[in-house]
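Numbering (our numbering), first residue to last: -2 to 410. Before any comments, here is the structure.
As structure tokens, this is what we get:
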């Protein structure tokens, strides 16, 4: 049974599908309106296809989440089970299009993936109310266990909504792909990497810092890779990520609206086209709209951090309105800092957004913190202990960037 489409919205009973309760312990949330925001708002996901039930918490095999994702054709994945799915360091790849993952259909406490992540390498995918807590898993420093939480690779028309992603040793949540396809044609570059992506209402937190990534320090929130276009980041909570809260690479075209960033380390918002990564290709200008975002410093925050850092060699067309950024002591952060390079990148401040998805509405920055803390993450009506702790950190001004999930209680049982 597919969702009932109402224009750019879908009415979903229990947040997803009108399904019977799974056992006496089931407690369905109240009906909610899921608004498919941004450029992929018209994606059907798995609407109209088969409903595939996950009946085991095993990492693979019959009835597993991995097998449900591998199925072909339009499909909606629902859960007859709840708890932790241990991926055993084998992340799940989504390569078949037209998929909806409806994590809200599980009983309390919902579904959490550990020791691996979710890689979306296709098109027309909706992921909702799933927790991904990849983790270091005891790996030695710089040993090469590099795992993303949820990543889009050469994907398009993808929505990741109301998910909770933490403890990645690479990025927690990203839109990526190759920088250059189609020779010297920028249109080919844009089509060959991730585009038409929405990240909405997620908790993106506690990227692991000095863990198992070969480069050493690697606590990262979100990477939007070179030439990614039509990317919307809206209503998310970023907390305790040292960098990439969000990082937009060269020639990215993106809109970031009404996000709450707490306790960034050395980077909050960040734009960078690095000439060394564009050798043999003409640099292109990035296009960003940053509206109604809030940055709050914490224990890990550099006391000189600005709201936006621009570095590298590429120029930027920037529309910035009603963003608020303060240190933990209440002082205002500088709005922008351009790091010295040769040549120095130029910022062209615009009076209107260079790009904007149809129908996107914005709330005032003064209302963002309350809205995001109430609404972000998987199953906000039924948060797990990790999300409750992170939200409490934001409210109390506590917590810090971590190196290992065991510093904050380890994997859920």
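Every residue, glycine too, gets a C-beta built ideally from N, C-alpha and C.
- Shown here, residue 370 sits in a helix according to DSSP, grouped into three states.
- For residue 32 and residue 84, the gap between their C-alpha atoms comes out near 30 Å.
- The beta-carbon distance between residue 202 and residue 159, rounded to whole angstroms, is 14 Å. This is too long to meet the 8 Å contact definition.
- Approximately 5 Å separates the beta-carbon atoms of residue 225 and residue 190; this is inside 8 Å, confirming the contact.
- The distance from the Cβ of residue 185 to that of residue 223 is about 13 Å, inconsistent with a contact at the 8 Å cut-off.
- In the DSSP assignment, residue 186 falls within the unbroken alpha helix (DSSP H) covering 183 to 189.
- Runs of beta strand (DSSP E) with 3 or more residues, each lying fully within the region 22 to 76, are found at 29 to 32, 47 to 51 and 72 to 76, listed in chain order.
- Looking at the DSSP output, residue 90 bridges to 116.
- In this structure, residue 267 and residue 306 form a Cβ contact; the two beta carbons are roughly 5 Å apart against a cut-off of 8 Å.
- Looking at the DSSP output, residue 286 shares a beta bridge with 252 and 316.
- DSSP places residue 158 in the uninterrupted beta strand (DSSP E) bounded by 153 to 158.
- For residue 384, the enclosing alpha helix (DSSP H) covers residues 382 to 393.
- Ranked by Cα distance from residue 279, the options 270, 398, 136 and 336 are led by 270.
- Residue range 321 to 323 is occupied by the beta strand (DSSP E) that includes residue 321.
- Sequence-distant partners of residue 179 (beyond 5 residues in either direction) whose C-beta falls short of 8 Å from its own C-beta, in its chain, are 185, 186, 188 and 189.
- When secondary structure is reduced to three states using DSSP, residue 125 falls in the strand class.
- Only residues of its own chain outside the window of five on either side were considered, and among them 133, 166 and 400 have a CB closer than 6 Å to the CB of residue 208, listed in chain order.
- By alpha-carbon distance to residue 199, the top candidate from 219, 181 and 182 is 219.
- In the three-state reduction of the DSSP assignment, residue 201 falls in the strand class.
- Restricting attention to 68, 273 and 147, the CA atom closest to the CA of residue 339 is found in 273.
- In the structure shown, the three-state DSSP call for residue 240 is strand.
- Buried is the label assigned to residue 107, since at least 16 other Cβ atoms lie within 10 Å of its Cβ.
- For residue 361, no beta strand (DSSP E) segment is defined, and its DSSP state is neither H nor E.
- In this structure, residue 54 keeps its C-beta atom at 8 Å or more from the C-beta atom of residue 98.
- DSSP places residue 144 outside both helix and strand once states are collapsed to three, so it counts as coil.
- Residue 341 counts as exposed, since fewer than 16 other C-beta atoms from the protein chains shown sit within 10 angstroms of its C-beta.
- Across the set 304, 120, 408 and 326, the C-alpha of 120 shows the shortest separation from the C-alpha of residue 42.
- When secondary structure is reduced to three states using DSSP, residue 272 falls in the helix class.
- With contact defined as three or more Cβ pairs closer than 8 Å, the region 310 to 318 and the region 342 to 349 are in contact.
- Around the CB of residue 327, fewer than 16 other CB atoms lie within 10 Å, so the residue is classed as exposed.
- Within 10 angstroms of the beta-carbon of residue 217 lie 16 or more other beta-carbons, which makes it buried.
- Residue 366 and residue 35 have their C-alpha atoms roughly 21 Å apart.
- DSSP places residue 229 inside the beta strand (DSSP E), whose first and last residues are 226 to 231.
- In the structure shown, residue 169 falls within a coil segment according to DSSP collapsed to helix, strand and coil.
- Taking 8 Å as the upper bound for CB-CB distance, residue 255 and residue 289 are in contact here, some 5 Å apart.
- Residue environment for residue 395: exposed (fewer than 16 other C-beta atoms within 10 angstroms of its C-beta).
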